[in-house]
Structure formats: C-alpha cells, structure tokens
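Sequence lines, in order, name chains A and B.
Here the working numbering is used: position 97 in the first sequence is 97, and no number is missing along the way.
Add 1000 to the 1-based position in the second sequence for the working numbering, that's all there is to it.
A quick write-up on the structure given underneath.
There are 2 protein chains.
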Amino acid sequence: MTEAVLYDYWRSSASYRLRIALNLAGVAYRTEQVDLRAGEQVADAHMARNPQGFVPVLELDGLRLTQSMAIIEYLDETRGCGFLPDDAPGRTRVRALAYVIAMDIHPICNLSVAKHVVDLTGGDKAVMGDWMRHFIRRGLVAFEALLDDPGTGAFCHGDRPGLADICLMPQLYNAERWGVELADLVRIGAIAERCRGEQGFAAAIPAPPPD
Amino acid sequence: MTEAVLYDYWRSSASYRLRIALNLAGVAYRTEQVDLRAGEQVADAHMARNPQGFVPVLELDGLRLTQSMAIIEYLDETRGCGFLPDDAPGRTRVRALAYVIAMDIHPICNLSVAKHVVDLTGGDKAVMGDWMRHFIRRGLVAFEALLDDPGTGAFCHGDRPGLADICLMPQLYNAERWGVELADLVRIGAIAERCRGEQGFAAAIPAPPPD
C-alpha cells in the first residue's frame, strides 16, 4: 500500500488533531511541512492540493483528503478506531463536545482570522493575544460545563479517548501558548492529564522540524 | 411520542440549517424563539439548556441536543435521511464541503464574534459588513473550487440534497444579506436554484416570528 502523506504544519492545531488520530488509528505516515509563516499554504503547489489553502491535507487510500474533522471521521469509519461510541445519543454528545472546540474556538482563532483583526485595529500585536484569550477561554468554560454529565468518564466520554479528546488537547496547547487561565477548569485538567499519558497523544505534540 | 421542540432564532443560520434537516427528515417540531437581540441566549433559562449560550437546541427522543452539525448527524443516523452517501470517500467529501462552511465561515461570522471586532475597532458598524464579506466570500470561493469535482451532481454531491447543501443555503442567505459578490460562483448558483425548488428548504427560510 502506498505510504500515507500528511501535509502538515507543526504548529497548526488542526494538523496536531489529525496526528493524534493517525497515531491512535495506527496508520503509518510521513509528513511534508507546509510552512505557514512563509505563506506556502497559498502557493500554487498547496492550493492544488486544497483550494482552501489550509493544512492539514492527507493522502491516504489513493484519496486526497481535506478538513481534519472529516478525515478523522473517515479514519474512524474505515479503521474502526472507536473515536465515537456505538450509541447515537453518545455519538451526538461526543460530536457536540468536539464541535465546541473545532467549530466555536478553533476557526475564530485561526492565524489568518486573528491577523485580520490585528490589521483592522491598526497593527497592534497585543490585540492578537487578547483575541485568543477571549475566545479560547469562552469556549473552554462551556466545554467544562458540558463535562458535568454522567457520560464523562476517565476521558471526555467514557473511559477511552475519542473525538472530543482529540480536539481538546491541541486546543489546550494553544491555550497555554496564549496564557489562557485554566486552573479552575478541573474536569478538563483531569482529562488532559490522562491524555498526556497516552502514547498516541504524546507522539503528536508539536515540535519544530529538525532543519 | 413527545413533540420535538426547537429552541430557535429565526435569523440564526445554525438554526436555519437544522430547520432544513428536520424538514427533510420529516420530523414534526414546534419552535420556541430565543431572541438573540434581547440577549435571551445568555439568560439563565437558556444557559440551563446549553452552557454555550447558543441556538439551536433541540429536544427530541427524550434528549436535549446542542450543536447543529452534531444534531444533523443524529437525525441522519436515527432516521436514515441519506444526508451522507453510503461510501466512506463520499461521506468524507460531503463532510469536508459542509465544514468549509460550518467551520471556516459560519463561526467567524457569528454575531458575537463580529460584534467583538466592532468593539475592538472603536465601534464602527461598517467594519461588521467588511468582516462578513471578507470571510464569507473567501469561504465560498473555496467551496466553488471544491465543487469542480466528478462527485458533484444536481446537488453538492450526487443528485439528492445532503449535509453540504443543508449548510450551503443558510450561508447564501447570509451572503446575500451582507452583499457578498456571488455572480461568478456559478456551480453554487446552480445548486442553490435546485435547493430553492425543494419543499424542505423552502419551508425553512427565515421569517420573523408573527408577534
């Protein structure tokens, strides 16, 4: 079988999310870095892979796949990863938790969006940090409230890591990077501690490429 | 069976999305308006339904469900709506298309986000329109490019409306409201015309409540 290729940027949290999922799914892959700081995501070579000009893009099973959340569902459907529980209410709860992060925090804090805010406000870089802290904190506070539910176990839903945990850890990485207050989010903190102990999560932690 | 209740705001495009899906699924429901202009979404009564303070919330099958995209997957799984095709690559393509809108346009153009931009830029209301046009146009241009694919049929994927179409029509409603240039997006335009001819879409079009 052809080797899977992940078009990745080490600091993209959508890429981080997908690296965790690939690790948990046991899919071997190599990465090609698309340097967002150098604008490589909107160069012709990458736009031909993804007209959105975003990472990640995954080449797998002879397909070229975009949108991290769609790809993770694909891995779950084709590799039986158990990222979603078997029952429809449970699946809905896990997707809803995941989307609190993947829809209502992550896109708003995408670098291209935050840079647009900085441009509109006259170029003050401090605005970017305030923007990140405002929306990350708002979303994580709601996420913490939603964890106050009998469905929560050692992980966000039950006792094995799934789609919500896969979204949570990259968002926490960003939260820490931007100095978001997290100490009071105790359910999130406990789950994060368990995720850190899982090899699939640990191996996906962002690290700058060696060159 | 208990009647389904949709906590709705007539102009919310996430609610609009869910109204289309409920219509296509043939699920009868009544709506309760949560007036976003009056701040009802963050009042105690609604926060008890959804700690995110967002609409829509759907009460169905004895469950209280949040996050429109998770709810639409639930309807598809429990009612066999065919919102996603049967094959894994097709399902991934439809989810990726849907997420170009539901992740990379809609949350950025959420009213609370756009208002935050207006506040940061000193209260100039014109900034809101520029913000909307920038991000809606950027996303729809990518969506149009992704429709240049053999999977596209009379609708976004094949010849029946699905998850991507359900996301597209509310986004076009917003695009028109904010004056986004759409004339060159001809694949989108042709699909929109077909959706307008479907009863499930037509019955979901935003209309102010009668009072």
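Backbone N, C-alpha and C fix where the C-beta goes; we use that ideal spot for every residue, glycine too.
Here the structure is a predicted model, which means the values were calculated and not measured.
By the DSSP assignment, the beta strand (DSSP E) with residue i in it spans what residues?
i, result
"Tyr99 (chain A)", "Premise fails: Tyr99 (chain A) lies in the alpha helix (DSSP H), Ala88 to Ala102, not in any beta strand (DSSP E)."
"Thr31 (chain A)", "Tyr29 to Gln33"
"Ala1038 (chain B)", "Segment: none, Ala1038 (chain B) is in no beta strand (DSSP E) and carries neither H nor E."
"Tyr1007 (chain B)", "Ala1004 to Asp1008"
"Arg1064 (chain B)", "Leu1063 to Thr1066"
"Leu185 (chain A)", "Run containing Leu185 (chain A): none; DSSP gives neither H nor E here."
"Glu1059 (chain B)", "Val1057 to Leu1060"
Return yes when the Cβ of residue j is within less than 9 Å of the Cβ of residue i, no when it is not.
i, j, result
"Arg1095 (chain B)", "Glu73 (chain A)", "yes"
"Ile1071 (chain B)", "Leu1018 (chain B)", "yes"
"Leu1163 (chain B)", "Asp1044 (chain B)", "no"
"Val1180 (chain B)", "Glu1144 (chain B)", "no"
"Pro1056 (chain B)", "Tyr1099 (chain B)", "no"
"Arg1049 (chain B)", "Thr1031 (chain B)", "no"
"Ala33 (chain A)", "Pro209 (chain A)", "Looking at the sequence shown, residue 33 (chain A) is not Ala but Gln. Contact: yes."
"Pro89 (chain A)", "Leu1036 (chain B)", "no"
"Ala142 (chain A)", "Pro1051 (chain B)", "yes"
"Leu120 (chain A)", "His157 (chain A)", "no"
"Asp165 (chain A)", "Ile191 (chain A)", "yes"
"Tyr29 (chain A)", "Pro170 (chain A)", "no"
"Ala4 (chain A)", "Phe54 (chain A)", "no"
"Pro1161 (chain B)", "Ile108 (chain A)", "no"
"Met1132 (chain B)", "Val1118 (chain B)", "no"
"Ile101 (chain A)", "Leu147 (chain A)", "no"
"Arg194 (chain A)", "Phe155 (chain A)", "yes"
"Gly1153 (chain B)", "Asp1159 (chain B)", "yes"
"Met69 (chain A)", "Met1103 (chain B)", "yes"
"Pro85 (chain A)", "Arg79 (chain A)", "no"
"Val1002 (chain B)", "Glu1040 (chain B)", "The sequence as given places Thr at residue 1002 (chain B); Val does not occur at that position. For Thr1002 (chain B) and Glu1040 (chain B), no; Cβs fall outside 9 Å."
How would you write the range of the alpha helix (DSSP H) that residue i sits in, first residue to last?
i, result
"Arg1133 (chain B)", "Ala1126 to Leu1146"
"Leu24 (chain A)", "Ser13 to Ala25"
"His116 (chain A)", "Leu111 to Leu120"
"Ile1166 (chain B)", "Leu1163 to Arg1177"
"Asp44 (chain A)", "Asp44 to Arg49"
"Leu1200 (chain B)", "In the sequence on display, residue 1200 (chain B) carries Gly and not Leu. Taken as a continuous stretch (DSSP letters only), the alpha helix (DSSP H) holding Gly1200 (chain B) covers Gln1199 to Ala1202."
Could you tell me which chain A residues have their CB closer than 9 Å to the CB of residue i, listed as they occur along the chain?
i, result
"His1134 (chain B)", "His116"
"Leu1120 (chain B)", "Val117, Leu120, Thr121, Val127, Asp130 and Trp131"
List, in order along the chain, the chain A residues whose C-beta lies closer than 8 Å to that of residue i?
i, result
"Pro1107 (chain B)", "Met103, Asp104, Pro107 and Ile108"
"Tyr1099 (chain B)", "Gln67, Met69 and Ala70"
"Ala1142 (chain B)", "Pro51, Gln52 and Gly53"
Would you verify that the beta carbon of residue i is, or is not, closer than 9 Å to some beta carbon of chain A?
i, result
"Met1069 (chain B)", "yes"
"Ala1088 (chain B)", "yes"
"Arg1030 (chain B)", "no"
"Gly1139 (chain B)", "yes"
Which chain B residues sit within Cβ distance under 7 Å of residue i?
i, result
"Thr2 (chain A)", "Result: empty, since nearest Cβ-Cβ is about 15 Å, beyond 7 Å."
Taking only beta-carbon positions, decide if residue i is within less than 9 Å of chain B.
i, result
"Asp61 (chain A)", "yes"
"Gly53 (chain A)", "yes"
"Arg91 (chain A)", "yes"
"Leu146 (chain A)", "yes"
"Tyr173 (chain A)", "no"
"Arg49 (chain A)", "no"
"Gly39 (chain A)", "no"
"Arg95 (chain A)", "yes"
"Glu73 (chain A)", "yes"
What does residue i touch in chain A if you count any residue whose Cβ is under 7 Å from its own?
i, result
"Arg1017 (chain B)", "Correct list: empty, because the minimum Cβ distance to chain A is about 12 Å."
"Thr1078 (chain B)", "Ala88"
"Val1113 (chain B)", "Ile108"
Quiz item: Three or more beta-carbon pairs under 8 Å between the stretch 1133-1144 of chain B and the stretch 1169-1176 of chain B, yes or no?
Solution: Result yes; three or more Cβ-Cβ pairs closer than 8 Å.
Exercise. May I ask you to verify whether the stretch 196-210 of chain A touches the stretch 18-33 of chain A, counting CB pairs closer than 8 Å and requiring at least 3?
Key: Yes, since at least three Cβ pairs between the stretch 196-210 of chain A and the stretch 18-33 of chain A fall closer than 8 Å, the two stretches touch.
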